[in-house]
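If you count by UniProt numbering, then the sequence shown holds residues 1 to 227, one letter each, in order.
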Amino acid sequence: MNLNLQAYTTILKKIINTTYTPGQKISEKELIAKLKIGRTPVREALLRLRQEQLIDAIPQSGTYITKIDLKVAASARFIRESIETRVIKEAAATNDEFAIAKLNTIIANQKFFSQKKQFEKFFAEDEAFHQEFYQMTGRQQVWDWLQTINMQLNRFRMLRLKVEELPWDNLITEHMNILNAVKNHEPEEARRLIANHLHLMLDEEDTLIKTFPDYFTNIPTDKKQVL
């Protein structure tokens, strides 16, 4: 990994997992010191992150992590649901025992990380679970494309894992049900389950806004009453 990509990947990860919180001020000088990477790669990384609307440079003030844009996150969820409901139906028509075994392992890993409250590793397994269906159906490139529009959505999903009243066990149970539908070759049931699963953002939005009122922008008018 070249230094530009290394700097970008490291900072991006800290934004997605909310190590750098929405609205937090960051310093190029401090990033250089912490990452132990030269000024040019860090500047290139910050420029790319600014283009992706994950950081904002305000004149006479400084550089800040952008707040989570709920409108962008909701649009990404809509696109992902539209695509993934088709992918899951294709997956349910396959007979890939290796993929099924891999998915079972992912769920086992999720249970372990849930017990340990290791939310970053839990999230990584969550991503791996969904990605596997794209791989099963030869749609890996589609998954890669989705990652370019999923950043605000992933920030929302990662933050969700930090809310105590939104237990992780529910996510695991839904994954198990989705896997069973795929394993039993039930495409319509798999489609219904994945649609409900990806609908969670809308169901849980009020709770996250109430818990982290300063972390979001473009809050829908009907949601502002929860603040």
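Where a beta carbon is used, it is the ideal one built from N, C-alpha and C, also for glycine.
Whole-number beta carbon distance between residue j and residue i, since they are thought to touch under 8 Å
| i | j | result |
| --- | --- | --- |
| I79 | I194 | The Cβ separation is near 14 Å, so there is no contact. |
| A92 | A33 | Wrong, their Cβ atoms sit about 50 Å apart, outside the cutoff. |
| L49 | I106 | Not quite, the Cβ-Cβ distance comes to about 29 Å (not below 8 Å), so this is no contact. |
| L54 | M201 | Rounded, the Cβ-Cβ distance is 19 Å, inconsistent with contact. |
Residue i - containing alpha helix (DSSP H), residue span
| i | result |
| --- | --- |
| A57 | No alpha helix (DSSP H) holds A57; the beta strand (DSSP E) holding it covers 55-58. |
| P41 | 39-51 |
| A91 | 70-92 |
| T148 | Careful: T148 lies outside any alpha helix (DSSP H) and carries neither H nor E. |
| Y8 | 3-16 |
| L173 | As written in the sequence, residue 173 is Thr, which differs from the Leu given in the question. Element bounds for T173: 169-183. |
Between the CA atoms of residue j and residue i - distance to the nearest angstrom
| i | j | result |
| --- | --- | --- |
| N196 | T85 | 10 Å |
| S27 | A57 | 11 Å |
| L208 | L5 | 31 Å |
| W168 | F122 | 9 Å |
| G23 | F212 | 12 Å |
| Y215 | I83 | 28 Å |
| residue 301 | R160 | Outside the displayed range of the chain (1 to 227) lies residue 301, so it cannot be described from this structure. |
| T148 | Q118 | 25 Å |
| E44 | Y8 | 8 Å |
| E127 | I15 | 17 Å |
| A76 | W145 | 12 Å |
| A101 | R155 | 29 Å |
| Y64 | R39 | 18 Å |
| P59 | K29 | 17 Å |
| E97 | L47 | 44 Å |
Boundaries of the beta strand (DSSP E) in which residue i is found, first to last residue
| i | result |
| --- | --- |
| I65 | 62-65 |
Which of helix, strand or coil DSSP assigns to residue i
| i | result |
| --- | --- |
| T137 | coil |
| residue 269 | No answer is possible for residue 269: it lies beyond the span of the chain, which begins at 1 and ends at 227. |
| T217 | strand |
| K162 | coil |
| I26 | strand |
| W143 | helix |
| F212 | coil |
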